[in-house]
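Colleague: Got a structure for you, questions after.
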Amino acid sequence: MQILVAGGAGYIGSHTCTALLEAGHRVIAADNLCNSKAETIIKVEHIAGKDMVFYEIDVTDTASVDTVFANHEIDGVIHFAGFKAVGESVEKPLDYYYNNIVSTMVLSRACMKYGVGKFVFSSSATVYGENQVPFVETMDLLPTTNPYGETKAVSERILTDAARANPGFKVSLLRYFNPVGAHESGLIGESPNGIPNNLMPFITQVVKGKLDRLQIFGNDYPTIDGTGVRDYIHVMDLAEGHVSALDHLTEGVHIYNLGTGQGTSVLQLVRAFEEAIGVEVPFEIVTRRPGDIAECYADVSKAQEELGWTARRDIIAMCRDAWRFENSYSD
Ligand code: NAD
Ligand code: UDP
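Going by numbering that gives the first Met the number 0, the letters in the sequence shown line up with residues 0 to 330, in that order.
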C-alpha cells in the first residue's frame with residue numbers, strides 16, 4: 000500500500016515509517032518540522048534501505064494537503080501530526096485545539112474527497128481518565144484533566160462520526176500507553192526540546208550528565224512501592240502495531256489499546272535502567288505532579304486477538320535502546 004504518514008518525522012512517526020518500509024509499503028511523509036528535523040527522514044531511509052517521499056507542509060493547511068493527495072494514489076493515512084505536551088496544552092489550549100483537531104479534519108476531509116478508505120489515528124490512554132485499571136476499549140471515556148486529552152477524545156469522535164456516515168471510510172483509533180526506547184540502530188529516537196517532561200528521556204539525560212538527578216513525583220500512591228505505575232511500550236513494538244492495524248483494517252471504527260499490559264512503577268523502571276546499563280541513577284523523592292494518576296496500564300487482549308499483534312520487547316530492551324540513542328546520536 001501507499002501510505003501518507005502525517006507527522007512522519009516525529010518520534011513515533013519516524014519509527015513507524017521504518018516499520019512500514021520494512022513491511023513493503025511505500026511511504027509519503029508530511030511534517031512541518033515544528034517538533035522534528037528533516038534529517039530524520041534521511042535516517043529512516045538509511046535504516047530501511049529504501050526511499051520515501053517527504054513533504055514539508057502543515058497538515059492543517061487544506062491546499063497543501065490537497066496537493067499531496069492529488070500527486071499520489073494514497074491507500075491509507077496514519078495521522079501522528081499534533082502537539083503532545085500535556086502541561087503546555089493547559090497554557091496554550093487554543094493552539095492545541097486548533098492544531099490537533101483541524102489536522103484531523105483536514106486529513107479526513109481529503110480522504111473523503113479522494114476516496115481514501117483507511118485512516119489510522121494516534122490516540123492516547125489519557126482518554127480513559129481515572130477509570131479502573133486495566134483500561135479496556137469498551138470503557139466509557141472519563142473527562143481528561145487537560146486540553147491535550149480533550150483533543151484526542153474529540154478527534155476520536157470526529158473520526159467515528161465520519162466513518163458512520165461514510166461506509167467506505169475505515170478507521171482505527173490506537174490508544175497508546177507510554178512509548179519509550181528507540182530504534183535498535185540507535186539512529187533515530189526521542190529528542191525532546193529543553194528539559195524532558197517524560198520519565199525515560201529524563202533518566203537518560205541524568206545518566207548522560209545533562210541533568211543532575213531524577214525527581215520522582217510522589218511515593219505515596221496506592222501502588223506496589225508508592226510510585227506511579229505506567230505501561231511502557233517499546234516504540235518499535237508500537238510502530239509495528241500500526242502496520243498490523245493497517246493490514247487488518249475492515250469496515251467501521253476499531254479501537255485498540257497499544258501497550259504491553261504490564262504495569263511498571265517509577266522505581267522499578269529506575270532499577271531496570273540500572274540493571275540494563277550498569278550505572279546508578281541518582282534520584283530524590285519529591286511531591287506528586289499535579290494531574291498524575293496512580294496507575295495506567297492496558298488490557299491488550301483485543302489487539303492480540305484481532306490484529307495478531309503483541310508487544311515483544313521487554314523493559315530491559317526499552318532502557319538499553321533509549322540509552323543507545325541518547326549516548327550516541329541525540330544532541
Ligand atoms: P512528535 O512531536 O515527536 O511527533 C509529531 C510530529 O508531528 C512532529 O514531527 C511535528 O513536527 C509534526 N507536526 C505537528 N503538528 C503538525 C502540523 N500541523 N502539520 C505537520 N506536522 C505537524 O510526537 P510523538 O511522540 O511522535 O507523537 C505522535 C502522536 O502520538 C501525537 O499525535 C501524540 O499526541 C500521540 N501520542 C504520543 C504519546 C507519547 O507519549 N509520545 C502518547 C500517546 C499519544
Ligand atoms: N515521573 C517522575 N519524574 C519525572 C517524570 C515522570 O517521577 O521526571 C513519573 C510520573 O509521575 C509518572 C511516570 O513517571 O508516574 C510516567 O510519567 P511520564 O510523564 O513519562 O508519562 P505520563 O505521565 O504521561 O504517563
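Beta carbons are placed, not taken as given, at the ideal position from N, Cα and C, and that holds for glycine.
#1: Pull up the distance between the alpha-carbon of Val254 and that of Val278, whole angstroms please.
#2: Would you check whether the ligand UDP has a heavy atom nearer than 6 Å to the C-beta of Phe216?
#3: Assuming Val252 is part of the alpha helix (DSSP H), what are its boundary residues?
#4: How many whole angstroms separate the CB atoms of Tyr276 and Trp308, which I take to be in contact at a CB cut-off of 8 Å?
#5: Should the region 70-90 be called in touch with the region 128-135, which here means at least 3 C-beta pairs below 8 Å?
#6: Could you pull the DSSP bridge partners for Leu173 from this structure?
#7: Which residue marks the beginning of the alpha helix (DSSP H) containing Glu274, and which one marks its end?
#8: With distances taken Cα to Cα, identify the nearest neighbour of Leu20 among Tyr10, Glu44, Arg319.
#9: Enumerated in chain order, which unbroken segments of the beta strand (DSSP E) with a length of 3 residues or greater are wholly contained in the region 192-224?
#10: Taking 6 Å as the cut-off, does the CB of Asn196 come closer than this to any heavy atom belonging to the ligand NAD?
#11: His182 by DSSP, collapsed to three states: which one?
#12: Check whether the Cβ of Ala80 lies closer than 6 Å to any heavy atom of the ligand NAD, and answer yes or no.
#13: Tell me whether Asn368 counts as near the ligand NAD, meaning its Cβ is closer than 6 Å to at least one heavy atom of that ligand.
#14: Span of the beta strand (DSSP E) holding Gly75?
#15: Could you have a look at Glu325 and say whether DSSP puts it in helix, strand or coil?
#16: Locate the beta strand (DSSP E) running through Arg25, then write down its first and last residues.
#17: Under 7 Å between the Cβ atoms of Val119 and Ser171?
#18: Looking at C-alpha atoms only, which residue of Ser122, Thr222, Ala109, Pro200 is the closest neighbour of Leu213?
#19: Return the first residue and the last residue of the alpha helix (DSSP H) that Glu189 is part of.
#20: Just confirm the distance between the C-beta atoms of Val58 and Val105, as a whole number of angstroms; I'd bet it's less than 8 Å.
#21: Considering only residues of the same chain and omitting the five flanking positions on each side of Cys318, which have a CB-CB separation below 6 Å?
#22: Does the contact criterion of 3 or more C-beta pairs under 8 Å hold for the region 140-147 versus the region 82-98?
Modeller: Short version:
#1: In the sequence shown, the residue the question calls residue 254 occupies position 255. In the sequence shown, the residue the question calls residue 278 occupies position 279. The amino acid occupying residue 254 in the given sequence is Ile; Val does not appear at that position. Rounded to whole angstroms, Ile254 to Val278 spans 39 Å at the Cα level.
#2: For the purposes of this step, residue 216 is taken as residue 217 along the sequence shown, with counting starting at 1. Yes, since a heavy atom of the ligand UDP falls inside the 6 Å radius drawn around the Cβ of Phe216.
#3: By one-based count along the sequence shown, residue 252 stands at place 253. It is not in any alpha helix (DSSP H) - Val252 instead sits in the beta strand (DSSP E) that spans 252-257.
#4: Along the sequence shown, read from residue 1 onward, the residue named residue 276 stands at position 277. Along the sequence shown, read from residue 1 onward, the residue named residue 308 stands at position 309. In the sequence as presented, Tyr is not what sits at residue 276; that position holds Ile. That pair is no contact at about 28 Å.
#5: no
#6: Working through the sequence shown from its first residue, we reach residue 173 at position 174. According to DSSP, Leu173 bridges with Ser121, Tyr255.
#7: Along the sequence shown, read from residue 1 onward, the residue named residue 274 stands at position 275. 265-276 is the extent of the alpha helix (DSSP H) around Glu274.
#8: Counted from its first residue, the sequence shown places residue 20 at position 21. Considering only alpha carbons, the answer is Glu44.
#9: 213-216
#10: Numbered from its first residue, the sequence shown carries residue 196 at position 197. No, the Cβ of Asn196 stays beyond 6 Å of every heavy atom of the ligand NAD.
#11: Within the sequence shown, residue 182 is the residue found at index 183, counting from 1. Looking at His182 - three-state DSSP - the assignment turns out to be coil, as it is neither helix nor strand.
#12: The count along the sequence shown starts at 1 and reaches residue 80 at position 81. Correct: Ala80 has its Cβ closer than 6 Å to the ligand NAD.
#13: Nothing about residue 368 can be read from this structure; the chain reaches only from 0 to 330.
#14: For the purposes of this step, residue 75 is taken as the residue at position 76 of the sequence shown. Residues 75-78.
#15: In the sequence shown, counting from the first residue as 1, residue 325 sits at position 326. Correct three-state label for Glu325: helix.
#16: Taking the first residue of the sequence shown as position 1, residue 25 is located at position 26. Per DSSP, Arg25 belongs to the beta strand (DSSP E) from 25-29.
#17: Along the sequence shown, one-based indexing puts residue 119 at 120. Along the sequence shown, one-based indexing puts residue 171 at 172. Yes, they are a contact pair.
#18: Along the sequence shown, read from residue 1 onward, the residue named residue 213 stands at position 214. Comparing Cα positions, the closest option is Pro200.
#19: As a position in the sequence shown, residue 189 is number 190, starting the count at 1. Counting along the chain, Glu189 falls outside any alpha helix (DSSP H), and DSSP gives it neither H nor E.
#20: Translated into positions along the sequence shown, residue 58 becomes position 59. Translated into positions along the sequence shown, residue 105 becomes position 106. Correct: roughly 6 Å between the Cβ atoms.
#21: Along the sequence shown, read from residue 1 onward, the residue named residue 318 stands at position 319. For Cys318, where only same-chain residues beyond five positions count, the Cβ hits under 6 Å are Ala271, Phe272, Ala275.
#22: yes
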